[in-house]
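Take a look at the structure below.
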Amino acid sequence: MEKTAFYTIKQIGAKETYPVRHPVLRKGLPLSTCEFDGDDDAATFHIGLYMGDRLAGVVTMLENDHALFKEERQFQLRGMAVLEEFQKQGLGQVLVRGAEEEVQKRGGHFIWMNARKIAVKFYEKLGYTIASDEFVIETAGPHYVMCKSWK
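Using the numbering used here, count along the sequence shown one by one with no gaps and you end on 449.
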């Protein structure tokens, strides 16, 4: 996908996301909670960002419709995580942009997500807008549905 002197981005398998998903998104919960519905669907893809040979960040994209939206070929961004020691370096933006590029290559024009409240400003800077009232996911706290479309 993309390689620079600083990082490499490539598609990875679902289970390869767990070493990042677990400490960032499921800290204190069993490792089994890192397995998401749809992880192994044919249309799902996972992107890993490596710093050298170390996996530093991950994101998962599922072809999945949300009832709020009428767009065809909706993709859900899920499991976005960057290890704490690599945060605040722009790597999350690199991951999201890489996911968006892959969605476009697959003919998609619409992405939605359940964004954690603490991440809303991050996604707004990338062009995503809030599409719902705040709601709570028991294992992860307050969220908003956010979306972005392009042609």
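Where a beta carbon is used, it is the ideal one built from N, C-alpha and C, also for glycine. From a predicted model like this one, the values you see are computed outputs, not experimental measurements.
Check	Outcome
Cβ contact check for the stretch 326-333 and the stretch 384-391: 3 or more pairs under 8 Å	no
Whether R414 touches G439 by CB criterion (8 Å)	yes
Cβ neighbours of Y426 in the same chain (closer than 7 Å, five flanking residues each side left out)	M444, C445, K446
Simplified DSSP state of R319, which is helix, strand or coil	helix
Buried/exposed call for Q372, threshold 16 Cβ in 10 Å	buried
Any alpha helix (DSSP H) of 4 or more consecutive residues that is wholly inside the stretch 349-430	389-403, 418-423
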